[in-house]
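Read the structure below first, then the notes.
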Amino acid sequence: MSERPDPVDVGLHYLAVGHFLRKVVDDHMTAGGLSLARSKVLEVLTHRSPLQQSALAEALGHAPRSVTQAVEALEREGLVERTTSAEDRRSKLVTLTPPGATALAAGATAGHAVLSEIFGALPDAELVRLDTLLAAIDTAMSAQPKGKTAEAR
174 MSERPDPVDV
184 GLHYLAVGHF
194 LRKVVDDHMT
204 AGGLSLARSK
214 VLEVLTHRSP
224 LQQSALAEAL
234 GHAPRSVTQA
244 VEALEREGLV
254 ERTTSAEDRR
264 SKLVTLTPPG
274 ATALAAGATA
284 GHAVLSEIFG
294 ALPDAELVRL
304 DTLLAAIDTA
314 MSAQPKGKTA
324 EAR
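In my numbering, each number is its position in the sequence shown, counted from 1, plus 173.
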């Protein structure tokens, strides 16, 4: 039996693979018309629209200013619409538009295709094992003290 690998080395390898996977998925989604980051904004709005910008920032775990910039860009492209809240005139409500829903669907299709290609290449037993290991890692992370990063998950 081989020697137990250093947990830090395994963790760093996992982070590197995760970073590369995210880039590959983002590249495919962007080629499909919508980046992974922008799709996350639209995905939240799919389930909670209209939504105050501040609540959108909180749901995404991002600073309000960065969400404002993202929403402004999405609005310029007609993917979301911002209106003034009737209850609080200082607050803006963000709504997913039909073109935004279409763009989200196209981006998701591109992302799902590349994930299917990558993970579909694994033999069934390895895919099941990977899923089990990822669940174990998720459980171990959930046991960590809660902080801003943990809450954003």
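Quick reminder that beta carbons are idealized off the backbone N, C-alpha and C, glycines included.
These numbers come from a predicted model, not from an experiment.
For this session: Kindly give me the distance between the Cβ atoms of Ala204 and Ala276, rounded to whole angstroms, as I take these residues to be in contact under 8 Å.
Result: Contact doesn't hold; Cβ gap of about 13 Å is too wide.
For this session: Classify Leu252 as helix, strand or coil using the three-state DSSP reduction.
Result: In this structure, Leu252 counts as coil in the three-state DSSP scheme.
Exercise. Got a sec, what are the start and stop residues for the alpha helix (DSSP H) Leu266 sits in?
Worked result: No alpha helix (DSSP H) contains Leu266, which is instead part of the beta strand (DSSP E) from Lys265 to Leu269.
Exercise. Does any CB atom of chain C fall closer than 8 Å to the CB of Thr219?
Worked result: The structure shown contains no chain C, having only a single protein chain.
For this session: Assign Leu295 to one of three DSSP states: helix, strand, or coil.
Result: Three-state result, Leu295: coil.
Exercise. Closest by CA to Ser264, which one among Val244, Thr256 and Val181?
Worked result: Considering only alpha carbons, the answer is Thr256.
For this session: Out of Gly184, Arg195 and Thr270, state which residue places its alpha-carbon closest to the alpha-carbon of Val217.
Result: With distances taken between Cα atoms, Val217 lies closest to Thr270.
For this session: Assign Leu224 to one of three DSSP states: helix, strand, or coil.
Result: The answer is strand: DSSP assigns Leu224 an E or B state.
Exercise. Counting pairs of beta carbons, one from the stretch 220-238 and one from the stretch 191-203, are three or more of them closer than 8 Å?
Worked result: Flag = no, the stretch 220-238 and the stretch 191-203 do not touch.
For this session: Confirm, please, whether the CB-CB distance from Ala243 to Val197 is below 8 Å.
Result: No, they are not a contact pair.
For this session: Compute the distance between the beta-carbons of Gly273 and Leu306, then report whether it is under 8 Å.
Result: No; because the gap between Cβ atoms is not below 8 Å, this pair is not in contact.
Exercise. Where Phe292 and Lys319 are concerned, what is the direct C-alpha to C-alpha distance, given to the nearest angstrom?
Worked result: One Cα belongs to Phe292, the other to Lys319, and the distance between them is close to 31 Å.
For this session: Pull up the CB-CB distance for Leu266 and Pro223, whole angstroms please, since I reckon it's below 8 Å.
Result: Yes, they are in contact, since the Cβ atoms of Leu266 and Pro223 sit about 4 Å apart, within 8 Å.
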